[in-house]
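Numbering (the working numbering), first residue to last: 19 to 541.
Glycine included, every Cβ here is placed at the ideal spot set by N, Cα and C.
Here the structure is a predicted model, which is why all the values come from computation and not from measurement.
This report refers to the structure that appears directly beneath it.
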């Protein structure tokens with residue numbers, strides 16, 4: 019068994035790019051289809067862990083900063099890097115290629131072995147992992163190779179982003195149908211119990227996750243395709259399999275002993291990661307009881323023992339020590355070396371339902387109830403005492419003051435949104451309240467938070483301090499996507515150039531919006 023499992027692991031660790039991932043991941047002494055299917059139950063863990071492959075360069079140094087969650091104190095790339103809109107190709111390529119090599123390639127092998135027919139239940143889980151991973155890729159870059167990935171070693175066509183999302187929904191359809199069929203005929207059975215690091219093989223939880231993932235993706239496209247968004251969201255909310263509702267439903271990748279928690283790694287081990295000024299400015303202003311769970315108070319004497327983060331895109335100084343004493347993620351309890359890593363929480367789902375209710379969608383319930391359930395569920399998740407937090411109708415975000423450089427201060431770009439639900443507020447005010455609390459709750463998933471910010475404009479974030487994009491990215495509008503890696507132009511040039519033509523009215527740079535990131539009002 020060890021030998022066979024090692025084969026799967028080796029397939030996950032190979033490198034390449036979209037046009038040659040199948041060739042590079044083909045083992046000449048590959049297993050028979052029957053052998054591949056027989057060991058699938060032990061192979062899902064490495065697949066799930068690959069969702070966060072190359073976390074630092076694929077997410078932490080870009081999306082996590084753009085979302086206002088984290089900021090590196092290091093003078094990376096001579097002070098010109100993703101945080102100040104100087105796009106580092108050698109970093110961003112990992113956010114593109116890893117999911118092809120470590121997830122798409124492996125899922126294709128699973129499919130080619132006949133798993134969709136022989137083990138449709140396991141195929142359902144593989145599809146959901148693929149959708150989760152590839153949604154992160156398309157939401158970073160835009161159009162991506164998807165339907166044709168792995169079909170050629172010379173050129174792989176890109177799908178437009180609306181096509182990719184359509185395929186996501188169809189794959190979720192398949193996963194939901196397969197899971198329901200298996201649960202109905204095999205109640206209580208957990209054939210993936212030994213290999214599934216997310217739900218321990220519990221298909222009833224995977225079904226809740228599938229419906230919740232559909233709801234997340236539906237809300238993402240509401241400004242680009244309102245009819246499909248509503249139909250897919252209502253389908254998710256109506257499904258009798260349910261949604262993630264309590265912290266026990268949270269989709270998190272448990273540790274298997276093969277890799278440390280990524281936030282612990284970049285923070286405690288490497289010293290490359292501090293809290294962002296944006297998140298702590300809100301949490302300070304709200305006197306949020308979750309602060310000790312999220313972060314440690316600053317050790318820098320100039321910070322006076324407060325929770326204080328680094329503002330995105332500041333000059334951190336060439337020594338890399340100027341802001342090292344600012345607050346860091348809590349690696350003592352929440353983000354330890356062996357802590358699991360979240361991909362979706364029940365709190366997020368309650369906020370999705372709250373937004374759906376504000377939009378008047380069927381099955382969403384009451385917006386205030388959903389909103390308050392979202393906040394309460396987050397507090398329960400982080401083991402914090404909520405007190406009178408939900409009745410606070412006066413506290414607002416705190417202006418940011420940088421004790422090392424007053425040029426980084428910001429008292430202008432501060433939100434006036436309070437915590438307590440206001441039934442008399444406008445839809446726009448209700449949306450800002452929902453997204454602001456959702457943003458606090460879904461920490462530390464900067465990928466999802468950045469997508470929400472681009473879609474809605476919330477929460478209000480401090481703009482980047484230093485903008486090294488050469489005018490390609492608006493400081494006030496902030497960054498909208500990552501540019502395609504240069505290797506795609508050298509190995510898949512025709513396809514990527516065609517993809518650029520389908521971007522919304524702009525070139526391949528960080529200032530061009532994605533299909534779902536429509537520049538119009540939220541309602």
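What residues are listed by DSSP as bridge partners for residue 270?
-> Paired residues: 360.
Simplified DSSP assignment, three categories, for residue 290 | coil
Roughly how many angstroms lie between the CA atoms of residue 228 and residue 70, to the nearest whole one?
-> 19 angstroms
Expressed to the nearest angstrom, what Euclidean distance is found between the alpha-carbon atoms of residue 523 and residue 214?
-> 42 angstroms
Cut-off 7 angstroms between Cβ atoms - residues of its own chain near residue 466, not counting five sequence neighbours on either side | 460
For the candidate residues 286, 484, 233, whose alpha-carbon lies nearest to that of residue 261?
-> With respect to the C-alpha of residue 261, the residue from 286, 484, 233 having the closest C-alpha is 233.
Starting from residue 451, trace the alpha helix (DSSP H) both ways and give me its first and last residue.
-> 445-459
Assuming residue 185 and residue 207 make a contact with CB atoms under 8 angstroms, what is their CB distance in whole Å?
-> Contact doesn't hold; Cβ gap of about 29 angstroms is too wide.
Could you tell me if residue 526 is buried or exposed, where buried requires 16 or more neighbouring beta carbons within 10 angstroms of its beta carbon?
-> buried
Contacting residues, own chain, Cβ-Cβ under 7 angstroms from residue 429 (five flanking each side not counted) | 417
Measure how close the beta-carbons of residue 501 and residue 464 come, nearest whole angstrom, since I'm counting them as under 8 angstroms.
-> Not a contact, Cβ separation roughly 18 angstroms.
For residue 113 and residue 77, the rounded distance between their alpha carbons = Taking the straight line joining both Cα atoms gives about 7 angstroms.
Can you grab the Cα-Cα spacing for the pair residue 96 / residue 336, in whole Å?
-> 8 angstroms
Residue 137, buried or exposed, once every other Cβ within 10 Å from all chains shown has been counted against 16 = buried
Run through DSSP, which three-state label would residue 105 get?
-> In the structure shown, the three-state DSSP call for residue 105 is coil.
Distance cut-off 8 angstroms: residue 102 Cβ against heavy atoms of the ligand HEM = Among the ligands in the structure shown, none appear at all, so the ligand HEM cannot be discussed.
Leaving out five residues before and five after residue 45 in sequence, what residues of the same chain have Cβ atoms less than 6 angstroms from its Cβ?
-> Unreliable placement is indicated for residue 45, whose pLDDT of 44 sits below 50; no coordinate value is reported for it.
Buried/exposed call for residue 519, threshold 16 Cβ in 10 Å = exposed
Any chance the stretch 295-306 sits against the stretch 90-110, with 3 or more Cβ pairs inside 8 angstroms?
-> no
Could you work out which residue in 323, 422, 115 is closest to residue 333 when comparing CA atoms only?
-> It is 422 whose Cα lies nearest to the Cα of residue 333.
So, using beta-carbon positions, are residue 238 and residue 473 closer together than 9 angstroms?
-> yes
Can you give me the Cβ contacts of residue 308 inside the same chain, cut-off strictly under 8 angstroms, excluding the 5 residues immediately before and after it?
-> 301, 396, 397, 400, 402, 458
Validate contact between the stretch 243-263 and the stretch 271-282 using beta carbons, cut 8 angstroms, 3 pairs = no
Specify the secondary structure class of residue 44 as computed by DSSP and reduced to three states.
-> Bear in mind that a pLDDT of 41 at residue 44, under 50, signals an unreliable position, so the model cannot answer this.
At a cut of 8 angstroms, does the stretch 283-290 reach the stretch 374-394 through at least three beta carbon pairs?
-> No: fewer than three Cβ pairs fall under 8 angstroms.
For residue 88, which beta-bridge partners are listed by DSSP?
-> Per DSSP, 293.
For the stretch 130-201, list the alpha helix (DSSP H) runs that are entirely contained and at least 4 residues long, ordered along the chain.
-> 133-136, 138-159
With residue 247 and residue 240 assumed to form a contact (beta carbons below 8 angstroms), what rounded beta-carbon distance in angstroms separates them?
-> 4 angstroms
In whole angstroms, what is the alpha-carbon distance linking residue 506 and residue 175?
-> 11 angstroms
Grab the span of the alpha helix (DSSP H) containing residue 56 for me, first residue to last.
-> Taken as a continuous stretch (DSSP letters only), the alpha helix (DSSP H) holding residue 56 covers 51-56.
By Cβ distance, which residues of its chain are closer than 8 angstroms to residue 147, with the 5 residues on each side in sequence left out?
-> 62, 65, 66, 69, 121, 125
Residue 535 versus residue 358 - alpha carbon distance | 31 angstroms
Rounded straight-line distance, which links the Cα of residue 87 to that of residue 153 | Cα-Cα distance, rounded: 20 angstroms.
Using the DSSP secondary-structure output, state which residues sit across from residue 328 in a beta bridge.
-> Partner(s): 294.
Hey, residue 347 and residue 281 are a contact pair by Cβ (cut 8 angstroms); roughly how many whole angstroms apart?
-> 5 angstroms
Within 10 angstroms of the Cβ of residue 363, are there 16 or more other Cβ atoms? Answer buried if so, exposed if not.
-> Buried, by the Cβ-count rule.
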